[in-house]
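Novice: Before I ask anything, let me first share the structure, which is written out below as structure tokens.
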Amino acid sequence: RLYVVSSGFIIANYYAYWRLKDVWWSNPKTKFHFYRGWRQTQGSYDFGFDDSLWHHIDKLGHYYNTRYASLLLADTAKWIGFQKKQSLWIGAITSWLLFLQIELFDSQFEEWGFSLGDLAANTAGAFTPILSDHYPVLQNFRLKLSYHISEEIDKERYVVEDYAGMTFWLTASPRLILPDVLDRFWPGFLNVAFGYGVSQKAHGEVELYLGLDYNLEKIRTKSALLNRMIYYMDYLHLPAPAIRIRPMKESYFLYY
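To convert, count from 1 in the sequence shown and add 2; that's our numbering.
See below:
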């Protein structure tokens with residue numbers, strides 16, 4: 003299993019590089035340099051709020067993707083035969099290295115550079131499963147993603163860059179803070195969610211939402227494989243009632 007997975011991973015990574023090379027890494031090159039922000043000559047090395055054309059929603063994307071990859075790779079390591087804690091570390095380190103290589107490639111292009119902000123988001127996402135294992139209270143919170151095609155897709159060309167259509171949701175059960183007398187009245191499958199999005203590229207409006215969310219892990223079947231598939235599906239925010247509280251208030255019967 004180790005040989006099969008390792009070989010498949012190397013081949014897939016090599017193939018992905020050549021695909022992305024044509025899509026992203028075909029612009030003029032330069033020597034290694036750090037990305038300071040969209041203004042290039044000034045900025046807080048991609049940590050300042052004004053350094054990002056997307057109000058840093060892309061950092062949530064980095065966190066989300068590295069965490070998801072870390073979990074998948076950890077499950078793969080367990081399937082190979084490693085123990086749980088070993089698998090978590092293998093998943094975290096492999097996910098971190100996988101996305102580190104992207105930053106190293108970006109560092110050689112004039113338009114971009116090595117983003118310390120992206121690296122911080124990647125590190126947080128890759129190692130969150132380990133922290134959640136040590137501090138179980140963190141398992142009550144989950145970052146989910148919803149997406150709809152936005153008008154920006156014509157400019158960005160690729161879904162992965164269509165941040166105007168993405169909303170990231172931090173979800174949790176209100177049972178964490180409800181008093182015992184009210185706790186039993188709140189459905190276990192229903193969470194509350196705080197959403198963050200942007201209206202468009204080049205400093206569009208920040209969009210904030212409050213809404214409901216579903217805890218799909220409450221669905222249990224007799225199949226361990228199906229239960230695990232449901233677990234990964236629970237990283238998507240399904241259509242649910244929501245209220246946009248910024249920039250203009252608006253209610254949605256179902257928002258996705």
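Built from N, CA and C at the ideal position, the CB exists for glycine as well.
Owing to the predicted nature of the structure, the values given are computational and were not obtained by experimental measurement.
Please report the straight-line C-alpha distance between F107 and W27, rounded to a whole angstrom.
Specialist: As a working mapping, residue 107 is identified with position 105 in the sequence shown. As a working mapping, residue 27 is identified with position 25 in the sequence shown. Looking at the two C-alpha atoms, the distance is approximately 8 Å.
Novice: Which whole-angstrom value is the C-beta distance of G206 and Y257, which I expect to be below 8 Å?
Specialist: In the sequence shown, residue 206 corresponds to position 204, counting from 1. In the sequence shown, residue 257 corresponds to position 255, counting from 1. At roughly 18 Å, the Cβ-Cβ gap does not stay under 8 Å, so G206 and Y257 are not in contact.
Novice: Curious, which full-length alpha helix (DSSP H) runs of at least 4 residues does the segment 142-213 contain?
Specialist: As far as the segment 142-213 is concerned, its whole alpha helix (DSSP H) runs of at least 4 residues are 155-158 and 182-185.
Novice: Could you check the C-alpha separation between V139 and P30 for me, to the nearest Å?
Specialist: Taking the first residue of the sequence shown as position 1, residue 139 is located at position 137. Taking the first residue of the sequence shown as position 1, residue 30 is located at position 28. Cα to Cα, the separation comes out at about 47 Å.
Novice: Please state the DSSP three-state secondary structure of F107.
Specialist: Position 105 of the sequence shown holds residue 107. Here F107 sits in helix by DSSP.
Novice: Answer yes if the segment 81-98 comes into contact with the segment 181-197, meaning at least three C-beta pairs across the two stretches below 8 Å, and no otherwise.
Specialist: No, they do not touch.
Novice: Taking the straight line between their C-alpha atoms, what separation do you get for Y137 and T32?
Specialist: The residue labelled residue 137 in the question sits at position 135 within the sequence shown. The residue labelled residue 32 in the question sits at position 30 within the sequence shown. Rounded to whole angstroms, Y137 to T32 spans 43 Å at the Cα level.
Novice: Quick one: give me the first and last residue of the alpha helix (DSSP H) that P291 is part of.
Specialist: Absent from the model: residue 291. The displayed extent of the chain is 3 to 258, so no value can be given.
Novice: For the candidate residues G199, D53 and S109, whose alpha-carbon lies nearest to that of A166?
Specialist: Residue 166 sits at position 164 when you count from the first residue of the sequence shown. Selected option, being the one with the closest Cα: G199.
Novice: I want to know whether the segment 59-75 touches the segment 143-151 - three or more CB-CB distances under 8 Å.
Specialist: A contact exists between the segment 59-75 and the segment 143-151.
Novice: Relative to the C-alpha of L100, which residue among A18, G190, R230 and K61 is closest?
Specialist: As a first step, residue 100 must be located in the sequence shown, where it is residue number 98. Selected option, being the one with the closest Cα: A18.
Novice: Please list, in chain order, all residues of the same chain as Q88 whose beta carbon is under 8 Å from its beta carbon, the five residues on each side excluded.
Specialist: Mapped onto the sequence shown, residue 88 falls at position 86. Cβ within range, chain order: A79.
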